[in-house]
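Residue numbers (mature numbering (1 follows the signal peptide of the UniProt record, and there is no 0)): -24 to -1, 1 to 250.
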């Protein structure tokens, strides 16, 4: 039941390599595709796994937390950074997330699917070639290089998106292959999807009405776009036990309102891979 005591908003105040730094990596993050010119770019399937960064010694989450893979999982990883996704297959996010956030999780089938080699020199293809060369002499490494396809034009990318979605995939990633790897949101890395997703922090619980009286109706959420409500996408179990205030959640949306907040925001899941 939603208690009155928590209904107020609570703010939640190269190949030559450069030595990898300790702690959380400054990862390259995608912006949305909004009809940018992408002819000549590289495209690949957007994998619905858990983002992971290998710093040359440790496998870390996007937030800088160390994963605890099974003994030997990283034994044949290279001594330089890799950026990728812990992934086993389409529609397996919950299983992947549960496995990698536990010290005794089942990692069978999970591999690090690599989409960039951050500290390598050269363009995207040259950077990935460094990892490809490593795999020639370390074929048992739990690593897969994500294939990159050269984009002919916008329609080529849209056709590829339809193909991926028809097969149960999430979307497409677009990369400017001549750009260097750089941390933060980048206009050189775009995500193309029918629906987009993002993350926000729960700041408030709103009590429901009608059949949802006495339990969750919506959550207040906050991220770089501001404060907004999410009221759809919740199952009965979510409404009876809503995401705690301060929790990071994933939501889907379709564009933005005139105020700049996400339009038609829908709850997807609580982020547990932190």
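Note that the Cβ used here is the ideal one computed from N, Cα and C, for glycine as well.
This structure is a prediction, so every number in the text was calculated from the model and none was measured.
Annotated three-state conformation of residue 122 is coil, per DSSP. The bridge partners DSSP lists for residue 128 come to none. If you look at residue 70, you'll find it isn't in any beta strand (DSSP E); it sits in the alpha helix (DSSP H) that goes 69 to 76. Straight-line spacing of the CA atoms in residue 80 and residue 89 works out to 21 Å. Apart from sequence neighbours up to five positions away, the residues of its chain that approach residue 15 with a beta-carbon distance below 7 Å are 127, 128, 129, ordered along the chain. Short of 7 Å from the beta carbon of residue 8, and not among the five residues preceding or following it, lie these beta carbons of its own chain, in chain order: 166, 167, 172. Counting C-beta atoms within 10 angstroms of its own C-beta, residue 113 has fewer than 16 neighbours from the protein chains shown and is therefore classed as exposed. One thing to note: residue 50 has its Cβ within 8 Å of the Cβ of residue 35. At a cut-off of 4 residues, the continuous stretches assigned as alpha helix (DSSP H) that sit fully inside the region 22 to 94 are 69 to 76. Note on residue 115: under 16 other CB atoms within 10 angstroms of its CB, so exposed under the neighbour-count rule. Residue 174 holds the alpha-carbon nearest to the alpha-carbon of residue 202 among 65, 117, 174, 52. In this structure, the alpha-carbon of residue 218 lies about 21 Å from that of residue 71. Nearest to residue 224 by C-alpha distance, out of 39, 29, 145, 12, is 39. Exclusion of the five residues before and after residue 207 leaves 193, 194 as the residues of its chain whose Cβ lies within less than 7 Å of its Cβ.
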